[in-house]
Amino acid sequence: MSKRAYSPQGLIEPDPDYELCCGIYHTTAAAKFFAIYYFVFCLVISGLNFMWFGADKGWFSLFCLIFTIYCCILMYGVFLEKTFFLIPFLAINGFVSIALILFSIFVLVYGTFTNAVETHHKESSPLRDLYQMHSLDPDDEKTQTIVSSAFLFLLLLTTLVFIYSWYVILRLFQCIKTKNRTWLPGEHVRGIIADETGDEQTHGLVSCE
């Protein structure tokens with residue numbers, strides 16, 4: 001597979017080994033998207049917490065602060081291509097992804113082979129109040145099925161987002177490592193961009209962008 005390299009003329013092309021979704025976009029673009037996505041999500045959660053609870057919910061405010069720092073570290077690592085700052089996301093997001101997978105399987109199996117959904121609708125007063133607030137019958141089987149299916153769908157969608165974002169950041173981590181290994185400090189690079197499969201080869205910096 002061909003590699004693109006850096007030249008003294010400043011030309012630089014992306015390494016195709018780190019393209020995603022059949023080459024539609026590159027790892028760096030996807031990683032920047034998810035970094036911004038998590039940061040915006042953090043701002044929304046923090047803003048809603050301040051609007052609804054103010055400083056009354058100290059534990060949730062602390063969570064928002066930690067989450068903000070976590071997202072800032074991810075942004076720094078992604079945009080400045082610092083592998084060390086990607087490790088916290090890979091560790092935490094990987095753990096959360098595994099937990100979500102196990103929880104999704106548990107909810108799917110437990111809800112399918114038991115009467116947990118019906119029982120929960122009968123015994124949960126807050127849930128019944130919520131249904132009645134929206135003029136829904138909490139004892140209607142069709143309504144229970146629709147709401148439970150919607151919850152499971154959102155849970156699976158969240159799980160997929162966590163898994164794919166973890167994979168994207170992992171690929172960025174590998175891409176940066178590859179670039180750092182390819183670049184040899186002090187080496188004089190000659191020629192313009194060339195492919196390894198072509199007649200002329202140059203050695204330089206493999207780009208992640």
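1 is the number of the first residue of the sequence shown in full-length UniProt numbering; add one for each residue after it.
Just so you know, even glycine gets a beta-carbon here, dropped at the ideal spot from N, CA and C.
Source: prediction; values computed, not measured.
Check: Verify whether the separation of the beta carbon atoms of Cys-71 and Asn-49 is less than 7 angstroms.; Outcome: no
Check: Could you name the residues of the same chain whose beta carbon sits closer than 7 angstroms to that of Ala-116, not counting the 5 residues immediately before and after it, in chain order?; Outcome: Tyr-110
Check: Please state the DSSP three-state secondary structure of His-26.; Outcome: strand
Check: Measure the C-alpha to C-alpha separation of Ser-135 and His-121 and round it to an integer number of angstroms.; Outcome: 15 angstroms
Check: Below 8 angstroms, can you find three or more Cβ-Cβ pairs linking the segment 66-82 to the segment 32-42?; Outcome: yes
Check: When you compare each of Lys-82, Ser-148, Tyr-164, Ile-105 to Lys-177 by their alpha carbons, which one comes out closest?; Outcome: Lys-82
Check: Are Leu-67 and Ile-169 touching if we call contact CB-CB under 7 angstroms?; Outcome: Reading off the sequence, residue 67 comes out as Phe, not Leu. For Phe-67 and Ile-169, no; Cβs fall outside 7 angstroms.
Check: Please state if the CB of Leu-100 and the CB of Ser-143 are separated by a distance shorter than 7 angstroms.; Outcome: The sequence given here places Thr at residue 143; Ser does not occur at that position. No, Cβ-Cβ distance for Thr-143 and Leu-100 is not below 7 angstroms.
Check: Grouping DSSP H, G and I as helix and E and B as strand, with all else coil, what is Glu-19?; Outcome: strand
Check: Could you please give the first and the last residue of the uninterrupted alpha helix (DSSP H) stretch that includes His-134?; Outcome: No alpha helix (DSSP H) holds His-134; DSSP gives it neither H nor E.
Check: Output needed for Leu-86: all residues of its chain with C-beta closer than 6 angstroms, excluding positions within five of it in sequence on either side, in chain order.; Outcome: Gly-77, Ile-169, Phe-173
Check: Looking at C-alpha atoms only, which residue of Ala-31, Val-107, Asp-139 is the closest neighbour of residue 219?; Outcome: Residue 219 lies beyond the stretch modelled for the chain, which goes from 1 to 209, so this question has no answer here.
Check: Go ahead and pull the three-state DSSP assignment for Lys-32.; Outcome: helix
Check: Classify Ser-97: buried if its beta carbon has 16 or more other beta carbons within 10 angstroms, exposed otherwise.; Outcome: buried
Check: What three-state label does DSSP hand Leu-80 in the structure shown?; Outcome: coil
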